[in-house]
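Structure record follows, encoded as structure tokens.
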Amino acid sequence: MQSSSLKISFTVFFVVSIIFSTIYTPQAILPVIKQEFNISILQTNLLLSGMLFVLMIATPFYIPIINRFEKKNIMVVCTFFLFISVLISALATNFYALLFSRFLQGVFLPGITAIILSYIQEIYSEKHRSMGIGIYMAGTSFGAVIGRLLVGWLTFLYSWQKAFLVFAILLAIAFIVIIFTFPKTQKIHHEKKGITTKELLKYISNIKILTALLVPTVVFFSFMAISTFVTYHLAQEPFNLNSHQVGNIFLVLILGIFVSPLAGRISGIFGHLKIIYVGIFLLILGILFTLTNSVTSVIIGIAFVTMGMFSAQSASPSYIFELIPNEKEKIAIVHQTFFYLGGCLGTFLPSILWEYYKYDGVTYFCIFLLLLLITLLSFQRLHNKAK
Numbered sequence: 199m200q201s202s203s204l205k206i207s208f209t210v211f212f213v214v215s216i217i218f219s220t221i222y223t224p225q226a227i228l229p230v231i232k233q234e235f236n237i238s239i240l241q242t243n244l245l246l247s248g249m250l251f252v253l254m255i256a257t258p259f260y261i262p263i264i265n266r267f268e269k270k271n272i273m274v275v276c277t278f279f280l281f282i283s284v285l286i287s288a289l290a291t292n293f294y295a296l297l298f299s300r301f302l303q304g305v306f307l308p309g310i311t312a313i314i315l316s317y318i319q320e321i322y323s324e325k326h327r328s329m330g331i332g333i334y335m336a337g338t339s340f341g342a343v344i345g346r347l348l349v350g351w352l353t354f355l356y357s358w359q360k361a362f363l364v365f366a367i368l369l370a371i372a373f374i375v376i377i378f379t380f381p382k383t384q385k386i387h388h389e390k391k392g393i394t395t396k397e398l399l400k401y402i403s404n405i406k407i408l409t410a411l412l413v414p415t416v417v418f419f420s421f422m423a424i425s426t427f428v429t430y431h432l433a434q435e436p437f438n439l440n441s442h443q444v445g446n447i448f449l450v451l452i453l454g455i456f457v458s459p460l461a462g463r464i465s466g467i468f469g470h471l472k473i474i475y476v477g478i479f480l481l482i483l484g485i486l487f488t489l490t491n492s493v494t495s496v497i498i499g500i501a502f503v504t505m506g507m508f509s510a511q512s513a514s515p516s517y518i519f520e521l522i523p524n525e526k527e528k529i530a531i532v533h534q535t536f537f538y539l540g541g542c543l544g545t546f547l548p549s550i551l552w553e554y555y556k557y558d559g560v561t562y563f564c565i566f567l568l569l570l571l572i573t574l575l576s577f578q579r580l581h582n583k584a585k
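The working numbering applies: residue 199 is where the sequence shown begins, and numbers increase by one.
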């Protein structure tokens with residue numbers, strides 16, 4: 199590979215890692231935030247669920263912007279305002295200012311998350327395109343790790359304000375990197391339109407497509423629910439872990455860097471639906487492991503949950519593309535919307551369960567949803583065979 203390809207690969211990995219880490223920065227320190235501001239778990243989790251909800255709603259509004267303006271310019275502007283919003287987080291003196299800054303992040307994140315994958319496909323040659331996508335997937339996984347890990351460490355050593363300040367600085371560096379190292383693309387397609395309400399209703403009224411869309415929703419719901427509420431669980435008896443120790447546990451999320459490309463390749467051989475089944479099974483197994491009173495078992499459980507989520511999510515887009523091969527771009531946006539819907543609900547609804555049934559209630563509900571998803575997929579598969 200040429201040195202220019204190596205350079206852009208390194209910068210893409212760095213930028214993707216930092217951008218996606220922003221989504222998860224509060225997760226390892228939710229118990230700290232709850233205690234400092236003396237608020238409920240439901241309120242605290244708005245830092246995740248509220249941001250993901252705004253991100254989900256904002257994503258479709260970027261479609262006409264993407265079609266009108268050059269992708270690099272959009273990412274430059276959105277990264278700058280993302281930096282400003284994280285800086286506001288670092289300077290926040292009350293919960294509502296912190297929550298407002300997270301909502302702002304939800305507004306500007308789609309300006310990068312909704313663009314970067316298609317941008318990568320344009321800047322890499324056809325020969326190196328699969329490598330570029332692999333770097334993107336690795337960057338999202340690594341970002342999920344450092345977003346939790348680094349904030350946990352910095353909060354333990356200094357404060358959560360300083361932790362957010364470090365991420366604001368990293369975003370400022372990413373902003374500069376995009377300006378000076380990302381090449382411009384020439385592909386601006388004015389003729390492409392967003393998804394109409396009629397098209398969306400067409401998708402969700404088709405039981406086959408709706409069932410496929412429930413895969414990213416339920417899988418990411420379960421992943422976000424477990425990875426969020428396990429932090430509260432580990433901060434209590436009999437564990438009593440601090441933010442640094444909780445952050446260290448999230449190191450197992452680095453498995454996603456290796457699982458995603460492997461699952462993608464295997465699904466092409468054995469079938470996408472089979473890999474989704476394997477992913478769901480690993481999720482359920484991992485959730486059961488986290489119910490023990492052993493930190494080691496909890497870590498193993500989170501590792502299985504991570505492998506399950508990344509396996510299912512790697513196969514999920516290809517599975518739904520097989521159902522609608524001629525509308526990939528539009529269904530990809532719907533798929534991403536359902537994905538973030540799962541993350542939003544996964545940090546919001548379990549808050550209610552926690553109030554009454556604590557961590558056990560959260561885990562049993564996730565297992566119920568995953569078993570229901572298996573049932574729906576199996577019925578759909580049998581129905582297709584009967585035809």
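Glycine included, C-beta positions come from ideal geometry on N, C-alpha and C.
In or out: residue i buried (at least 16 other Cβ within 10 Å) or exposed?
i	result
L580	exposed
L262	The amino acid at residue 262 is misidentified as Leu; the sequence shows Pro. With fewer than 16 Cβ atoms within 10 Å of its Cβ, P262 is classed as exposed.
I374	exposed
R179	There is simply no residue 179 to check, as the chain begins at 199 and stops at 585 in what is shown.
R346	buried
Q534	buried
R463	exposed
N524	exposed
P436	exposed
K472	exposed
F218	buried
K396	exposed
T338	buried
Give the straight-line distance between the Cα atoms of residue i and residue j, rounded to the nearest whole angstrom.
i	j	result
P224	K583	45 Å
F354	I572	40 Å
A336	F456	8 Å
F421	Y475	15 Å
S492	G499	10 Å
S458	F508	5 Å
S316	M505	25 Å
V364	K406	45 Å
Y334	Q319	10 Å
Q241	T561	20 Å
I314	Q359	29 Å
N292	F235	7 Å
V323	F537	It is Ser, not Val, that sits at residue 323 in the sequence shown. Each residue's alpha carbon lies about 29 Å from the other.
C542	L439	26 Å
F211	F448	20 Å
G350	N446	8 Å
G484	H431	15 Å
I376	I310	11 Å
Y401	F563	27 Å
S299	I272	20 Å
A312	S357	32 Å
F468	A370	43 Å
M199	H326	Annotation note: pLDDT 46 at M199 (below 50); position unreliable, no value reported.
L412	F519	14 Å
E268	W552	45 Å
I227	I344	13 Å
F278	T494	40 Å
V496	I231	23 Å
L246	Q578	33 Å
Considering only the beta carbon of each residue, do residue i and residue j sit closer than 8 Å?
i	j	result
I452	F340	yes
L253	G332	no
A295	I282	no
A372	V213	yes
T429	P229	yes
F569	T409	Reading off the sequence, residue 569 comes out as Leu, not Phe. Contact: no.
L565	T488	Looking at the sequence shown, residue 565 is not Leu but Ile. It is not a contact, given that the beta carbons lie outside the stated cut-off.
G544	F418	yes
Y557	F427	yes
K270	K382	yes
M368	I216	In the sequence as presented, Met is not what sits at residue 368; that position holds Leu. Result yes, Cβ atoms of L368 and I216 sit closer than 8 Å.
C276	F306	yes
V503	L481	yes
A501	V450	yes
L348	V532	no
L297	L250	no
H470	A433	no
S465	S516	yes
T209	L280	no
Assuming residue i and residue j are in contact, meaning their beta carbons sit under 8 Å apart, how far apart are those beta carbons, in whole angstroms?
i	j	result
F362	V284	6 Å
G559	T415	Going by Cβ atoms, the distance from G559 to T415 rounds to 20 Å, so no, they are not a contact pair.
S549	I239	5 Å
P308	A256	5 Å
What is the residue span of the alpha helix (DSSP H) that residue i lies within?
i	result
E397	T395 to I402
V274	K269 to L289
K382	Per DSSP, K382 belongs to no alpha helix (DSSP H) and is neither H nor E.
Would you say the beta carbon of residue i comes nearer than 7 Å to a heavy atom of the ligand NAP?
i	result
I497	As for the ligand NAP, it is missing from this structure, which has no ligand bound.
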